[in-house]
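Taking this note's numbering, the leading residue of the sequence shown gets 93, the next gets one more, and so forth.
Note that CB positions come from ideal geometry on N, CA and C, so glycine has one too.
First up is the structure itself, then whatever we jot down about it.
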Amino acid sequence: GPGGAAAQPPPGVPPGALPPGMPPGMNVPDHMKPAPVEVQESGYSWNQSGAEIEVCVRLPKAATKADLKVVFGVSKLVVKVSGEAVLDGKLAGKVCPDDCTWTLRNDPDGKKLMIYLEADGGGKWASLIQA
């Protein structure tokens, strides 16, 4: 029927181009940015919101709380699953070990160990574990 033609981009704008007034590489306004960015590392991901740092470690399906050992240090984090270290390193910043907690979560896509760290001062961490 009439009006069935595909919508044409305005003249002078190649298909897939950015809207006018947004040169490539321009900073995206904050309201368009996704909330805390989740950083994927090998075996875990993490994100930071203010002083709270959330770490998510994927676990084998059979893992139980008894298999897990999480040790919080002021600038160290050790995570062992069935005696095998999944995470063991010096943190990029300092935390308050007494305020750090962890919990086991059963998600549809598998079990996850959620670790909540409380950063002790300092701003945004560039990484979770120091290289």
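Status (buried if at least 16 other CB within 10 Å, exposed otherwise) for residue i
| i | result |
| --- | --- |
| A218 | exposed |
| V187 | buried |
| A158 | exposed |
| K153 | exposed |
| K161 | exposed |
| K125 | Any reading at K125 must be qualified, since the residue scores a pLDDT of 47, below 50, and its modelled position is unreliable; no value is offered. |
Chain-order list of residues whose beta-carbon lies under 6 Å from that of residue i (same chain, five-residue window excluded)
| i | result |
| --- | --- |
| I207 | V147 and W194 |
| V170 | V163 and D180 |
| S174 | D159 |
Helix, strand or coil at residue i [DSSP, three-state]
| i | result |
| --- | --- |
| K157 | helix |
| E133 | strand |
Among the options, the one whose alpha carbon lies nearest that of residue i
| i | options | result |
| --- | --- | --- |
| P189 | G142, E210, V171 and K153 | E210 |
| K216 | E144, Q132, S134 and S137 | E144 |
| V178 | K203, G202 and Y136 | Y136 |
Own chain partners of residue i with C-beta closer than 8 Å, once the 5 adjacent residues on each side are dropped
| i | result |
| --- | --- |
| K182 | S167, K168, I221 and Q222 |
| G214 | G185 and K186 |
| C192 | F164, I207, Y208, L209 and E210 |
| W138 | E130, V131, I145, E146, V147, C148 and L220 |
Spatial neighbours of residue i in its chain, beta-carbon cut-off 7 Å, leaving aside the 5 residues before and after
| i | result |
| --- | --- |
| D212 | K186, V187 and C188 |
| K204 | C148, V149, R150, L151 and R197 |
| P200 | none |
**Study point:** 3-residue-minimum beta strand (DSSP E) runs that sit fully inside the segment 192 to 222, ordered along the chain
**Key:** You should have 193 to 199 and 202 to 210.
Point to revise | Complete alpha helix (DSSP H) runs within the segment 166 to 192 (minimum length 4 residues, chain order) | key: none
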